[in-house]
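Residue numbers (numbering that gives the first Met the number 0): 0 to 235. For each residue, glycine too, the CB sits at the ideal point set by N, CA and C. Right, one structure below, let's go through it.
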Amino acid sequence: MTQGLQELLLGRAPDVAPRLLGAVFVCALPGGTVAVRLTELEAYGGPHDSDLPDPGAHTYRGRTARNASMFEAPGRIYVYFTYGLHHAVNFVCRGEGTGGGILVRSGEVVLGEDVALRRRLANRSSEPPFVALARGPGNVAQALGLSREDDGAALVDLGRSDDPVALAEQAVLRTPGPAWTGLALRQEAVGDVVVTPRTGVSGEGGTDTYPWRFAIAGDPTVSPYRKAAVKRRRSR
């Protein structure tokens, strides 16, 4: 029996994230529809007292108004505003009340390139190259048109196929109207996957203890890896 999206997302984020590479994430919003093929993801665990404590995760100190979506049932998105600059989006996983998610770091725009480009040009003077339209978490959310208003939105299970782009295209054609988000999964896993510690995560969460960044090897849309410096106490 083929595993559905809801069942897949019940798993631990580090186990689920590499299985989502190559899937297609669709966001049909009032400003236009854009879909990206997922090429780079990061896994995040739960609170300090959970079975997967993660000091690099928003969930680490427990549930708050900001991260409440991360503790909902799997199959939703968690959208947050970071550094006072941009939004980022996660797929919520694990069981309800547990806490966990998968950050979309980069992808390839496969539907709605004109819409994605218009959104990206809203706060820049030069046109980004195609491979950089959805490279980096902030650019992903901007290209897709996501904001805090979309936090907690449910993901539609678009099915599983050797050609998830075609699944996404069919879903867009047959589902006009209200805003929705969805995921079309790959039938088979992608080939070579690069596994590293998470990029730019400070403190212990950014160390080799958490090799939870997954990217499709050689894909030009993947963002450059940047390992954060581990903070050390000053000696007296």
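Identity of the residue in the options nearest residue i by Cα
i, options, result
"V130", "A153, S105, N122, P136", "S105"
"T81", "D50, G137, R75", "G137"
"K226", "V78, R185, G217, W211", "W211"
"F90", "P29, G204, S68", "S68"
"Y43", "L8, V23, A64, P29", "L8"
"Y59", "T198, V103, G204, L4", "G204"
"G135", "V221, A121, T208", "V221"
"A64", "G151, R18, L157, W179", "G151"
"G3", "D156, H47, A22, A27", "D156"
"G96", "R62, S125, N122", "R62"
Proximal residues to residue i (C-beta, below 7 Å), its chain only, five neighbours per side dropped
i, result
"V108", "V33, V35, A115, L132, A133, A142"
"R119", "P127, L132, N138, Q141, A142"
"G100", "A12, Y43, M69, Y77, N89, F90, V91, C92"
"R232", "Its pLDDT being 46, under 50, R232 is placed unreliably in this model, and the value from its coordinates should be taken loosely. Once the five neighbours on either side are set aside, R232 has no close Cβ partner at all."
"Q186", "R159, S160, D161"
Residue(s) in a DSSP beta bridge with residue i
i, result
"P52", "G45"
"L37", "G106"
"R134", "S105"
"S160", "R185"
"A27", "T32, W179"
"N89", "Y77, L102"
"R212", "E41, T195"
"S154", "Position check: residue 154 holds Leu in this sequence, whereas Ser was assumed. Per DSSP, T180."
Where residue i falls, given that 16 or more other Cβ within 10 Å makes a residue buried
i, result
"L84", "exposed"
"N66", "buried"
"V194", "exposed"
"R159", "buried"
"P196", "buried"
"P175", "exposed"
"P223", "exposed"
"L172", "exposed"
"P219", "exposed"
Neighbourhood of residue i by C-beta distance below 6 Å, restricted to the same chain and skipping five residues each side
i, result
"I215", "L20, T38, V189"
"V265", "An answer regarding residue 265 cannot be provided, because it is not within the stretch 0 to 235 covered by the chain."
"G30", "G144"
Close beta carbons around residue i, own chain, < 8 Å, minus the five adjacent residues each side
i, result
"G94", "L9, A72, P73"
Any contact between the stretch 40 to 55 and the stretch 9 to 24? By contact I mean 3 or more CB pairs, one from each, below 8 Å. yes
Three-pair Cβ contact test at 8 Å for the stretch 64 to 78 versus the stretch 146 to 156: yes
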